[in-house]
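What follows is a single structure, written as structure tokens, with notes after it.
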Amino acid sequence: NSHGQLGLPDAEGIVDPPQQLRIDTKKQAGALATVVIWACAGTYSSGFLMGVLQQYKREPERNLRERLESALKEATQQSKSHTDSPETGLAAGLQPHISLFHLLTAVKLVFSSAAAISSVFGLPTQVGIDVEFLDDVQSQLLGMGSDLVNATLYKSTLYLLDDIYHKLHLLGTAERVQVLLAASQSPLLAEPKFAAHLLPRLCTVVLSASSRHPSCRRMLQRWWAEYPASILLPRLVQPLQQYLRSELMKLKKLTVNVMNCIKLLDEVFRANMIGRKLKAEDFHNDLISDKLDVLDHYIAWRQSRDTVSTGPSVDGPFSFCSYPFLLNCKAKSKLLHTEAKIRMETTVAQARLEHTRRSHRERNTTDDERVLPLTKTRSAMEAGQASVPVLQGTSSRRSRIQQNSGKASGGVVRGFIGMLLGGSHGDLHEPSSSNRTGASSTCAHRQPSPLHGTPSDAQRRQMASEIHRSSSLSRQGSMCLPTPTSCGVPERHQDHCIIRVRRTHILLDALEEISRQRTKDLLKPLRVHFIGEEGIDAGGVRKEFFQLLVNDLLRPDYGMLQYFEESRVFWFNPSTLEANEEFMLIGIITGLAIYNAVLLDLPLPQVLYKKLLKQAVGLRDLEEMQPTLGRSLKQLLQYEGEPGSVESIFCQTFAVDIEAFGEVRSVELKSGGSEIPVTEDNRREFVELYTDYILTKSIRSQFDAFSQGFMMVCGGPALNLFHAQELETLVCGEDRLDFDALRKNARYDGGYNAESQAAVWLWEVVLSFTDQEKHQFLKFYTGSDRAPIGGLGSMRSVIQRDGADTGKLPTSHTCFNTLLLPEYSSLEKMRSLLRLAILNSEGFGLE
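All residue numbers for the sequence shown refer to the numbering used here, where the first residue is 462 and numbers rise by one.
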């Protein structure tokens, strides 16, 4: 037959013509009937066992699953009872033990046949494979350590893949597609000697089937999405990564097999994006990330993107950027900063050309060229008609917010949600001083900001009027410092984006300085000037600028962002009195920090970055931001009671009551929602609508403005290479501070080396610091208290000798991550002076 003798993989002789065999089974007088009891088919001949039917004790038939389990159990027990392996006897010309023969036969029968795999490992009540049982059986087979068993499983799997490949036209149904799961999770894929042939064949079959039948691709992704991490990672992801590394290191070039492996890994990654069983780091390939030629691959990727419009038959040059899941966050940040550098250089070149062409006359910036038209910022303030409130931390502003919000707790959602939360709304609080540095002492008296609600026009007008009255003094100089417009520093430069600020009015000055910029000026390298201070911005000044700016932005008296104590993140305040232009400016600030490679201490939830990347958000994202509320909604979905009990117990409609500015109003989640009760049938719709209201509808205008500002600076194609967690790391850096890695990677100058007494003492002191002191030391040393992408070990840092023993404090050049350390005479003296320096330093001196 077409499957070989008895359906076994050995297909030699299958084309031989069958021979007729005549057997006389007629019953003679007084004799018992003789029949064929057993038939054995070999390569070139077959045999029959004849016997008397009445004397033959027929054993009950066992299905394939029972047969495989029984053979595996017997062979395992037999192998434990013998010290010599079965192969030893076989090599001496002896027959292997009968239990091993039964096992090999069962393995051939099951793993070489699509029908047998479905019969043995198929789910009893639905389409699909029992992947855990399959993995258990395959693990036991591999765990026997028998070369015969491994070779049989290998040949059977190869035969199965070849058989499927020649019958691709049949893979249009789920019953046939599910067989690919058995081949894709074979433990032999992790063995290099087997993977060298199995993996290319597997990739070819899966990709060909997916190309021919789009439904096949969808079904595989759905099944892989449901795989437990304990199987998906070691059985599929890690073998593919291992094969990639091996082939690239051996051949030093891309081959068809490597490309197919990457494409299959891409399918698995897409499945994991649905199931979220593995971390993104599990798909990173460090070899590719470390050896990536950033500029070449970025250019090739852009060319490949450009060729898409010419037609599907045109293939652009290959780039690993087309498969960003392979790249770790460090490699992606290099790509983003490469794109930023290209944009910076292009913008500067255009500005110089424009300056040359128009040098004969003064060029004025029109309103249309500004980030925000002048009429919407300072001009409106000076005219007393401010339609856009300018942020400032004045006491009058704080009082105004407290007056509007009254005693109400922010975002009190009554009814069902209140009941599930136990009547407590402790989820929303201001950050404590230990969590946020730079907050004023009055923050402790701040009432929680309302969770939802939109200010009326009258409230906006009242707010603008009060800000105008309170801002007249702030627009004067502070401590005799001139304002940015009168400080003498040019407002524009052809090579740089100039920001001039007073330290005491950093938020007000920064937002107005950004507002006056032309959009293309934001794409130049940033240079910050603190008015009244000496210092050339080579990187350290702008680090401090962003740090101080973010600290002010997150102060609760501004009311733009609300803080969730439970998850320790900030989110847009739906009932803020601020205009959308101010949220756009915050987006610009965040984008500028990324664009200029500055880390921010800006704890925003991952759902924000998902929305920036235009990814779908849902209940899981809400639970990460507001765990208690998210769990409460999940309880509603999971509640099991008597029919009709959801409506009678929870008494919830498709409307929620919210409190804002001391007033309670009802918000309908759908038209007529106040008259629609939540029942067993529609509770999922209620949860989806409520989640969408919190994450999207209630803050739509604020987020859209933030996104517009962010994309104004960071809207290049490279942003699409990131997923939400990586984008968060790009903004905030890594939480884990490995000072031992920093010590190992540090360089020494000025007479110091790693064995110098001062260097040894320094690391002894630093490693003995508390976590808070370590963050302060890092900020003093580098200008940021966060680790860059790749960790502290990836940062270039220098310890430089700053003279002999002295009483002066250590200093640093944050622009270059350089610590200037005198050669102190004792450990305790170094400890005391270093702690004094890091606890009190700010700006260009001690305060």
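We put the CB at the ideal spot given by N, CA and C, even for glycine.
To the nearest angstrom, report how far apart residue i and residue j are at their CA atoms.
i     : j     : result
R953  : I959  : 6 Å
T1114 : T1157 : 20 Å
K1290 : V1221 : 14 Å
Q682  : Q1261 : 55 Å
S1229 : I1299 : 14 Å
C790  : D747  : 10 Å
Q1237 : R1292 : 14 Å
S893  : G1170 : Interpretation of S893 is limited by its pLDDT of 42, a score under 50 that renders its predicted location unreliable; the figure taken from the coordinates is listed afterwards. Cα to Cα, S893 sits roughly 29 Å from G1170.
N1301 : I1119 : 44 Å
I578  : C782  : 38 Å
V496  : M511  : 6 Å
G1251 : R1257 : 12 Å
T566  : L650  : 22 Å
V1078 : M1086 : 12 Å
L788  : S750  : 5 Å
L1063 : S794  : 18 Å
S671  : Q646  : 17 Å
E1084 : F1025 : 12 Å
C941  : E973  : 20 Å
R922  : L1038 : For R922, the pLDDT reaches just 47, beneath the cut-off of 50, and the residue's location in the model is therefore unreliable, although a value from the coordinates is still provided. Rounded to the nearest angstrom, the two C-alpha atoms are 10 Å apart.
S947  : I975  : 16 Å
H957  : L1198 : 33 Å
Y1154 : R1145 : 14 Å
H627  : G633  : 14 Å
K1071 : L1090 : 20 Å
E1141 : P1104 : 8 Å
Going by other Cβ atoms of all chains shown within 10 Å of its Cβ, with 16 needed for buried, is residue i buried or exposed?
i     : result
R696  : buried
T1267 : exposed
M842  : Reliability fails at M842, whose pLDDT of 41 lies under 50, so the model's placement of it is uncertain and the value that follows must be treated cautiously. Buried, because 16 or more other Cβ atoms sit within 10 Å of the Cβ of M842.
H745  : buried
Q587  : exposed
D1018 : buried
I1050 : buried
K1075 : exposed
L555  : With a pLDDT of 35 at L555, under the threshold of 50, the modelled position of this residue cannot be trusted; read the value that follows with caution. Flag for L555 reads exposed.
M710  : exposed
P1271 : buried
E687  : exposed
P1035 : buried
L1073 : buried
T1279 : buried
For residue i, which of the options has the nearest alpha-carbon?
i     : options                    : result
Q639  : S580, L1060, A656          : S580
V1059 : L1098, L797, S600          : L797
H658  : L629, R678, T618, D624     : T618
T537  : L984, N524, R1092, Q601    : Q601
L1253 : L1280, D1201, G1264        : D1201
S1168 : Y688, L1046, E1284         : L1046
K534  : S507, V568, F509, G508     : V568
L561  : R678, S607, L1022, L525    : S607
A1040 : N1057, Q1099, R1029, L1022 : L1022
Name the DSSP beta bridge partners of residue i, please?
i     : result
W1032 : Q1023
F991  : V962
R1208 : V1259
R734  : Here residue 734 is Met; the residue named in the question, Arg, does not match the sequence. For M734, which the question treats as bridged, DSSP gives no partner whatsoever.
E1195 : A1248
A1116 : T1114, E1129
A500  : F509
Below 9 Å between beta carbons: does that hold for residue i and residue j?
i     : j     : result
L726  : V698  : yes
C664  : N718  : yes
R964  : V989  : no
V592  : I692  : yes
L1053 : F1031 : no
V1259 : R1208 : yes
S573  : D624  : yes
M1173 : L1297 : no
C1248 : D1165 : Sequence check: residue 1248 is Ala here, not Cys. No, Cβ-Cβ distance for A1248 and D1165 is not below 9 Å.
V809  : P986  : yes
A1116 : S1093 : no
S1028 : P951  : no
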